[in-house]
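Chemist: The structure is given below, and queries will be raised subsequently.
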Amino acid sequence: MHPATHALIVIDVQNDFCPGGALAVAEGDAIIAQINGLMDEFQTVVLTQDWHPADHSSFAANHPGAAAFSVTEMPYGPQVLWPVHCVQGSEGAAFHRDLRSEPAQLIIRKGFRAAIDSYSAFFENDHQTQTGLEGYLRARGITHVVLVGLATDFCVGYSALDAAKLGFGVTVLAQACRAIDLNGSLAATQKACIEAGVIWLD
Ligand code: VGL
Ligand code: ZN
-4 MHPATHALIV IDVQNDFCPG GALAVAEGDA IIAQINGLMD EFQTVVLTQD
46 WHPADHSSFA ANHPGAAAFS VTEMPYGPQV LWPVHCVQGS EGAAFHRDLR
96 SEPAQLIIRK GFRAAIDSYS AFFENDHQTQ TGLEGYLRAR GITHVVLVGL
146 ATDFCVGYSA LDAAKLGFGV TVLAQACRAI DLNGSLAATQ KACIEAGVIW
196 LD
């Protein structure tokens, strides 16, 4: 059992990020058994859920002529344009049916504002708008977060960097994560995390 000051944060283990989903991550479902087991080792478990309105600005389909996986400029900086995924209330946005959810005390939804994406569990992509997770964790006396889930190089990585910036101890259990790996994004994420003091366990 990990100490009560450590929380397990399970990022976006949703149907659309698993094989057969709209933004499938290779082997995205291969991590679920391990994550389910980890939940018994933590007294605080948080799940995150990517949760977009249909008119979300991160969807290539909402930018006429733009290709999925291209990059556009948003008021808050560069933004990858994704296939339509994790639309609020859809089957694709649901957690994978094999993921345990009963040990989780909090489910945090993100990316619910049409004008801004939110990879991180802590801040939207403007790096300013808070999701509320920091306050929740601090109020519960959490000082260290252990991150698992999808995708290593986007939502897990952004969450890890923000957690480190906020002063939490951070571990990424990379074997319980899977990556999209767009233009070298996995290696870049790992490097940035290690430079930020994140404990990266392969
Ligand atoms: C994610 C791309 C778009 C993720 C979410 O969970 O890593 N990636 N939305
Ligand atoms: Zn998304």
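Mapping to our numbering: the sequence shown position 102 is 97, numbers consecutive.
Glycine residues also receive a C-beta, built at the ideal position from the N, C-alpha and C atoms.
CB VAL165 to CB ALA158, shorter than 8 Å?
Modeler: Position 170 of the sequence shown, counted from the first residue, corresponds to residue 165. Position 163 of the sequence shown, counted from the first residue, corresponds to residue 158. Going by C-beta atoms, VAL165 is nearer than 8 Å to ALA158.
Chemist: Could you give the first and the last residue of the continuous beta strand (DSSP E) run that contains CYS172?
Modeler: Here residue 172 refers to the residue found at position 177 of the sequence shown. From DSSP, the beta strand (DSSP E) with CYS172 extends over 164 to 173.
Chemist: Taking 8 Å as the cut-off, decide whether the C-beta atoms of LEU42 and PHE90 are in contact.
Modeler: Here the question's residue 42 lines up with position 47 in the sequence shown. Here the question's residue 90 lines up with position 95 in the sequence shown. Their beta carbons are under 8 Å apart, which means LEU42 touches PHE90 by this criterion.
Chemist: If you run the structure through DSSP and keep just helix, strand and coil, what is MET69?
Modeler: Stepping through the sequence shown from its first residue, residue 69 is reached at position 74. MET69 falls in the strand class under three-state DSSP.
Chemist: Are there 16 or more other CB atoms within 10 angstroms of the CB of ASP112, so buried, or fewer, so exposed?
Modeler: Numbered from 1 along the sequence shown, position 117 holds the residue referred to as residue 112. Buried is the call here.
Chemist: Taking the alpha-carbon positions, what's the ARG104 to LEU168 distance?
Modeler: Along the sequence shown, read from residue 1 onward, the residue named residue 104 stands at position 109. Along the sequence shown, read from residue 1 onward, the residue named residue 168 stands at position 173. For ARG104 and LEU168, the distance between alpha carbons rounds to 22 Å.
Chemist: Mind checking SER65: buried by the 16 CB within 10 Å criterion, or exposed?
Modeler: Position 70 of the sequence shown, counted from the first residue, corresponds to residue 65. Exposed: under 16 other Cβ atoms inside 10 Å.
Chemist: Quickly, what does DSSP pair GLN44 with across the bridge? List them, please.
Modeler: As a position in the sequence shown, residue 44 is number 49, starting the count at 1. Answer is ARG104.
Chemist: Any beta carbon of chain B sitting closer than 8 Å to that of ILE30?
Modeler: Protein chains in the displayed structure number just one, and chain B is not present.
Chemist: Just how far apart, CA to CA, sit ILE137 and GLY144?
Modeler: Translated into positions along the sequence shown, residue 137 becomes position 142. Translated into positions along the sequence shown, residue 144 becomes position 149. Near 19 Å, if we compare the C-alpha coordinates of GLY144 and ILE137.
Chemist: Start and end of the beta strand (DSSP E) containing GLY144?
Modeler: Sequence index remark: in the sequence shown, residue 144 carries index 149 (1-based). Taken as a continuous stretch (DSSP letters only), the beta strand (DSSP E) holding GLY144 covers 139 to 145.
Chemist: Rounded to whole angstroms, what's the CA-CA distance from PHE12 to SER53? Just pull it up for me.
Modeler: The residue given as residue 12 occupies position 17 in the sequence shown. The residue given as residue 53 occupies position 58 in the sequence shown. Taking the straight line from one Cα to the other gives about 15 Å.
Chemist: Since LEU181 contacts THR147 with CB under 8 Å, what's their CB separation in whole angstroms?
Modeler: Sequence index remark: in the sequence shown, residue 181 carries index 186 (1-based). Sequence index remark: in the sequence shown, residue 147 carries index 152 (1-based). About 6 Å; that satisfies the 8 Å criterion.
Chemist: Considering only the alpha carbon of each residue, which of SER154, PRO(-2), ALA171, LEU132 lies closest to ASP24?
Modeler: The sequence position of residue 24 within the sequence shown is 29, counting from 1. The candidate whose alpha carbon is nearest that of ASP24 is ALA171.
Chemist: So is ILE189 buried or exposed if we call it buried at 16+ other beta carbons inside 10 Å?
Modeler: Here residue 189 refers to the residue found at position 194 of the sequence shown. Exposed, because fewer than 16 other Cβ atoms sit within 10 Å of the Cβ of ILE189.
Chemist: Please state the DSSP three-state secondary structure of LEU3.
Modeler: Position 8 of the sequence shown holds residue 3. Residue state, collapsed to three classes: strand.
Chemist: Pull up the distance between the alpha-carbon of ALA110 and that of HIS51, whole angstroms please.
Modeler: As a first step, residue 110 is located in the sequence shown; it is residue number 115 there, counting from the start. As a first step, residue 51 is located in the sequence shown; it is residue number 56 there, counting from the start. So the alpha carbons of these two residues sit roughly 7 Å apart.
Chemist: Over the uninterrupted alpha helix (DSSP H) stretch that includes LEU196, give me the two end residues.
Modeler: In the sequence shown, the residue the question calls residue 196 occupies position 201. It is not in any alpha helix (DSSP H) - LEU196 instead sits in the beta strand (DSSP E) that spans 194 to 196.
Chemist: With DSSP run on the structure shown, which of helix, strand or coil describes VAL82?
Modeler: Counted from its first residue, the sequence shown places residue 82 at position 87. The answer is strand: DSSP assigns VAL82 an E or B state.
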